[in-house]
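Asks: Let me give you the structure first, and then I'll get to my questions.
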Amino acid sequence: MVLNPAPARELPDELLALVDIITPNETEAEKLTGIRVESDEDAAKAANVLHAKGIGTVMITLGSRGVWLSAEGGSRRIPGFRVQAIDTIAAGDTFNGALVTALLEGTALPEAIRFAHAAAAIAVTRKGAQPSVPWRTEIDEFLAQQG
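Taking full-length UniProt numbering, I'd label the letters of the sequence shown as residues 1 to 147.
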């Protein structure tokens with residue numbers, strides 16, 4: 001199960017123990033762990049708290065700084081794409097939708113994160129929620145331009 005714990009609120013450990021992948025932003029990670037996420041070190045500490053609750057893969061979204069990925073193979077920050085943000089209203093939902101799409105297609109986690117980053121990067125360059133979510137072809141074109 002993939003859980004996007006938005007909006008930020010406390011969740012019971014019994015629920016968290018059922019989660020395979022969690023994708024909180026910094027505020028949500030703080031609410032769930034009590035650790036303010038302001039650096040990679042903070043993200044690592046927060047991820048460890050979530051792992052202790054039984055979650056195998058923790059991905060803390062860090063806005064323009066990317067995503068902190070912590071899983072069985074280790075942990076690291078995966079940078080996002082630099083774009084001129086206009087409206088971030090749909091960034092998280094777009095990221096999560098694209099991530100799950102890529103994972104369901106059998107894409108490996110690092111590449112799925114890159115795909116999700118691309119979708120979110122496109123979304124923040126547009127105004128509004130639904131109108132900002134990119135089409136698949138737009139994501140593929142964006143990634144091709146990035147090399």
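A virtual CB, placed ideally from N, CA and C, is assigned to each residue, including glycine.
From a predicted model like this one, the values you see are computed outputs, not experimental measurements.
Under 8 Å by Cβ, that's how I've got Leu91 and Thr125 pegged, so tell me the actual separation to the nearest angstrom.
Replies: By 1-based counting over the sequence shown, the position of residue 91 is 91. By 1-based counting over the sequence shown, the position of residue 125 is 125. For the record, residue 91 in the displayed sequence is Ala; it is not Leu. Actually they do not touch by this definition, with Cβ atoms about 10 Å apart.
Asks: Based on the DSSP output, what are the partners of Ala71 in its beta bridges?
Replies: Within the sequence shown, residue 71 is the residue found at index 71, counting from 1. Per DSSP, Gly74.
Asks: Do three or more CB pairs link the stretch 37-45 to the stretch 126-134 at distances below 8 Å?
Replies: Too few Cβ pairs lie closer than 8 Å, so no.
Asks: Quick one: is Ala17 buried, meaning 16 or more other Cβ sit within 10 Å of its Cβ, or exposed?
Replies: Position 17 of the sequence shown holds residue 17. When all chains shown are included, Ala17 counts as exposed.
Asks: Between Val37 and Glu30, is the Cβ-Cβ spacing less than 8 Å?
Replies: Residue mapping note: residue 37 aligns to position 37 of the sequence shown, counting from 1. Residue mapping note: residue 30 aligns to position 30 of the sequence shown, counting from 1. Yes, these two residues count as a Cβ contact at 8 Å.
Asks: Starting from the C-beta of Ala46, find all residues in its chain whose C-beta is less than 6 Å away, skip the five residues before and the five after it, and write them out in chain order.
Replies: Taking the sequence shown and counting its residues from 1, one reaches residue 46 at position 46. Correct list, in chain order: Ala29, Thr33, Ile35 and Val37.
Asks: Quick check on the DSSP output: the beta strand (DSSP E) that includes Ile60 runs from which residue to which?
Replies: For the purposes of this step, residue 60 is taken as the residue at position 60 of the sequence shown. Run containing Ile60: Thr57 to Thr61, per the beta strand (DSSP E) assignment.
Asks: Report the residue ranges of all alpha helix (DSSP H) runs contained in full by the UniProt domain "Carbohydrate kinase PfkB" (2-135); include only those spanning at least 4 residues, in chain order.
Replies: Runs of the alpha helix (DSSP H) inside the UniProt domain "Carbohydrate kinase PfkB" (2-135): 13-16, 26-33, 40-52, 91-104 and 109-123.
Asks: Measuring only the C-alpha atoms, how far is Thr57 from Leu103?
Replies: Position 57 of the sequence shown, counting from 1, holds the residue named residue 57. Position 103 of the sequence shown, counting from 1, holds the residue named residue 103. C-alpha separation (whole angstroms): 13 Å.
Asks: Once you ignore the five residues that flank Ser64 on each side, which residues in its own chain have a CB closer than 8 Å to its CB?
Replies: Numbered from its first residue, the sequence shown carries residue 64 at position 64. Cβ neighbours of Ser64 beyond the five flanking positions: Gly80, Arg82 and Ala85.
Asks: Whole angstroms are fine: how far does the CA of Ile22 sit from the CA of Leu143?
Replies: Within the sequence shown, the letter at position 143 stands for residue 143. Within the sequence shown, the letter at position 22 stands for residue 22. Between Leu143 and Ile22, the C-alpha separation is close to 24 Å.
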